[in-house]
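Asker: Have a look at this one before I ask anything.
Protein chains in written order, with the numbering used here: chain R, 3 to 106; chain P, 3 to 106.
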């Protein structure tokens, strides 16, 4: 995993944080499937993900419409439903507009 | 680490992603120090952090002014300087306005 090379802002981000139950049967398969699906979406700019005690996934989108289309993707909705029901002890979705980007 | 209980949007976020060199001498000490410093800052709403191949830290702030004050905090600046010089192979800072928040 590398840091996403996103364009000059503004663009949009979905910040998804979750705490997973253990075991979370079927989670890895779905995660791998979504990883492959994501880059094919219109307006997808990149994503970053890491999990320790908490999992954080940030995906970046050209426009709010592109972001919404991903939110409404059938398989993505299905994954969220299963996640809510089975995999996640807790989770939060935040929709944000990235206004600045820089390196240190 | 728990998911941050942030208020109703809008509020602001710093999304910091980094790839660490190994070893990164002094990094843990500084990270622990900043962890303690963060909650004392004005307008601080919470933060979430995880590291696998990539490290993602998202901190949440009441206003853009509060976020900027943290960016300009002396110790934070010092940490960034050392990070750039010694700890990080690559890193990106993104400033974002959180516009929506919900659970699944």
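All residues carry an ideal CB built from backbone N, CA and C; glycine is no exception.
Among P/34, P/8, P/17, which one has its Cα closest to the Cα of residue 81 of chain P?
Answerer: P/34
Asker: Using only the alpha-carbon positions, how far apart do residue 12 of chain P and residue 67 of chain R sit?
Answerer: 19 Å
Asker: State buried or exposed for residue 49 of chain R, treating a residue as buried only when at least 16 other CB atoms are found within 10 Å of its CB.
Answerer: Residue 49 of chain R should be labelled buried.
Asker: Under a three-way DSSP split, which group does residue 28 of chain P fall into?
Answerer: Three-state DSSP puts residue 28 of chain P in coil, outside helix and strand.
Asker: For a test of the three-state rule: what should DSSP assign to residue 48 of chain P, helix, strand or coil?
Answerer: In this structure, residue 48 of chain P counts as strand in the three-state DSSP scheme.
Asker: Does the Cβ of residue 6 of chain R have 16 or more other Cβ atoms within 10 Å, making it buried, or fewer, making it exposed?
Answerer: buried
Asker: Going straight from the alpha carbon of residue 123 of chain R to that of residue 73 of chain R, what length do you get?
Answerer: Since the first residue of chain R shown is 3 and the last is 106, residue 123 of chain R is not available in this structure.
Asker: Hey, residue 51 of chain R and residue 3 of chain R are a contact pair by Cβ (cut 8 Å); roughly how many whole angstroms apart?
Answerer: That belief holds up - the Cβ atoms of residue 51 of chain R and residue 3 of chain R are roughly 7 Å apart, short of 8 Å.
Asker: In this structure, does DSSP put residue 53 of chain R in helix, strand or coil?
Answerer: strand
Asker: Look up residue 42 of chain P in the DSSP assignment and say whether it is helix, strand or coil.
Answerer: helix
Asker: Please report the distance separating the alpha-carbon of residue 84 of chain R from that of residue 17 of chain R.
Answerer: The straight-line gap from Cα to Cα measures roughly 19 Å.
Asker: DSSP three-state call for residue 67 of chain R: helix, strand or coil?
Answerer: helix
Asker: Evaluate contact between the segment 21 to 40 of chain P and the segment 93 to 101 of chain R, counting only Cβ atoms and requiring at least three cross-stretch pairs below 8 Å.
Answerer: no
Asker: Please report how far the alpha carbon of residue 92 of chain P lies from the alpha carbon of residue 21 of chain P, in whole angstroms.
Answerer: 5 Å
Asker: Using DSSP bridges, identify the partner residues of residue 96 of chain P.
Answerer: R/103, P/17
Asker: Name the chain R residues that come within less than 8 Å of residue 52 of chain P, Cβ to Cβ?
Answerer: 52, 53, 54, 55, 56, 57, 58
Asker: Going by beta carbon distance, what residues of the same chain come within less than 7 Å of residue 45 of chain R, once the five residues before and after it are set aside?
Answerer: 63, 64, 65, 68
Asker: Determine, for residue 92 of chain P, whether the minimum Cβ-Cβ distance to residues of chain R falls below 7 Å.
Answerer: yes
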